[in-house]
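S.K.: With the UniProt record's numbering, the residue at position 191 of the sequence shown is 191, and numbering never jumps. Where a beta carbon is used, it is the ideal one built from N, C-alpha and C, also for glycine.
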Amino acid sequence: MGRWGHRVFEGDNDLDLKSDIIGAIREKLKAKPITFEEDDLENLFSCKANPNKQQTPLSTSTQKLRDDTFRQKEDQFYGEYIVVILGAVMMEAGVRISTENMTYLRQAAEKVESYPGYRLPIGDLGFRDPGMAQFLAALSHYQDGEPRDWDGPSCFYCGCIQQDINPRSLLKCGRCKQAWYCGKECQKANWKNHKLICHKDGIPPITPGGFTMLNV
């Protein structure tokens, strides 16, 4: 249990929530097959199960999905973060998301706590700052029918991914080699927080007792 990165889907909690959400949606859709295109659902649920398979962007509306699932998924333990993960799953699959839903996702994200650096695994709920930036940038740049990449590099300050800043390229932190930036301005603006997690070559320091922490 813990994190290996600071962004969305780079921790056990994120992946557990993602698995639970997809399972819950699958069960709900089985009971209401008339509302959705079967081929669209197959694409949605196979995005991570078959990562090497070329996916066809979904064409179905998410209005009914929002009404039945979006706002019922708030959890007492995770709070609004479970809604954030649902939104990330939908963007990853290229689902059409209404303007109303986008507004709701932004409001949900802004209610979730975000942390600049290390936290103990047991209390590591919600965003790390690079993950919040990544999610908010996704909301700003997302285009219906275009699956959003959550695995590739994203700016640790503004959250943009490569397709957002073309033809420029994201730059990797020369010290830790674990963070990326759109340019020197973003890197400089983020240094106050990034220095808390920036270890040479990405290797965390050893504690006085000779231990390294499992969480990042």
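I need the boundaries of the alpha helix (DSSP H) containing Tyr81, first residue and last residue.
M.R.: Its alpha helix (DSSP H) spans residues 81-93.
S.K.: Look at the Cβ atom of Ser114, then the Cβ atom of Phe127, and state whether they are nearer than 8 Å.
M.R.: Yes, the pair counts as a contact, with Cβ atoms nearer than the cut-off.
S.K.: Helix or strand or just coil, what does DSSP make of Ile21?
M.R.: The answer is helix: DSSP assigns Ile21 an H, G or I state.
S.K.: I need the straight-line Cα distance from Cys198 to Ala138, nearest angstrom please.
M.R.: Those two C-alpha atoms are separated by around 24 Å.
S.K.: Which residue marks the beginning of the alpha helix (DSSP H) containing Glu146, and which one marks its end?
M.R.: No alpha helix (DSSP H) holds Glu146; DSSP gives it neither H nor E.
S.K.: How many whole angstroms separate the CB atoms of Pro147 and Leu170, which I take to be in contact at a CB cut-off of 8 Å?
M.R.: In fact, because the Cβ distance is near 19 Å, the residues do not count as touching under 8 Å.
S.K.: For the alpha helix (DSSP H) that Ile165 lies in, which residues bound it at each end?
M.R.: 162-165 is the span of the alpha helix (DSSP H), which, as asked, contains Ile165.
S.K.: In terms of alpha-carbon separation, which member of Gln178, Tyr142, Gly183 lies closest to Gln163?
M.R.: Taking only the C-alpha atoms, the option nearest Gln163 is Tyr142.
S.K.: What's the call for Pro130, buried or exposed, on a 16-neighbour Cβ count within 10 Å?
M.R.: Flag for Pro130 reads buried.
S.K.: Buried or exposed: where does Leu15 fall if 16 or more other Cβ atoms within 10 Å of its Cβ makes it buried?
M.R.: Classification for Leu15: exposed.
S.K.: If you drop the 5 nearest sequence neighbours on each side, which residues of the same chain put their C-beta closer than 7 Å to that of Gly87?
M.R.: So the qualifying residues of the chain are Leu105.
S.K.: Should residue 252 be labelled buried (16 or more other beta-carbon atoms within 10 Å of its own) or exposed?
M.R.: Outside the displayed range of the chain (1 to 216) lies residue 252, so it cannot be described from this structure.
S.K.: Run the CB neighbour count on Trp150, radius 10 Å, all protein chains shown included, and call it buried at 16 or more, exposed below.
M.R.: That one is buried.
S.K.: Please classify Gln123: does DSSP put it in a helix, a strand, or coil?
M.R.: One detail in the question is off: residue 123 reads as Gly in this sequence, not Gln. Here Gly123 sits in helix by DSSP.
S.K.: For Arg3, write down the residues that DSSP places opposite it in a beta bridge.
M.R.: The partner list for Arg3 (beta bridge, DSSP) reads Gly11.
S.K.: Gln134 and Arg26 - do their beta-carbons sit closer together than 8 Å?
M.R.: Against a cut-off of 8 Å, the Cβ pair of Gln134 and Arg26 comes out as no contact.
S.K.: Apart from the five residues on each side of it in sequence, which residues of its chain come closer than 6 Å, Cβ to Cβ, to Asn193?
M.R.: These residues qualify, in order along the chain: Pro116, Asp129.
S.K.: Quick one: what does DSSP say Cys186 is sitting in, helix, strand or coil?
M.R.: Three-state result, Cys186: helix.
S.K.: Taking the Cβ atom as the reference point for each residue, do Cys182 and Arg168 lie within a distance shorter than 8 Å?
M.R.: Yes, Cβ-Cβ distance for Cys182 and Arg168 is below 8 Å.
S.K.: Run through the DSSP bridge pairs and tell me what Tyr115 is partnered with.
M.R.: DSSP output for Tyr115 lists Arg128 as bridge partner(s).
S.K.: DSSP on Lys177, reduced to helix/strand/coil?
M.R.: Looking at Lys177 - three-state DSSP - the assignment turns out to be coil, as it is neither helix nor strand.
S.K.: When you compare each of Trp4, Asp201, Lys111 to Glu80 by their alpha carbons, which one comes out closest?
M.R.: Of Trp4, Asp201, Lys111, the residue nearest in Cα terms is Lys111.
S.K.: Cα separation between Asp12 and Trp4?
M.R.: Going from the Cα of Asp12 to the Cα of Trp4 covers about 9 Å.
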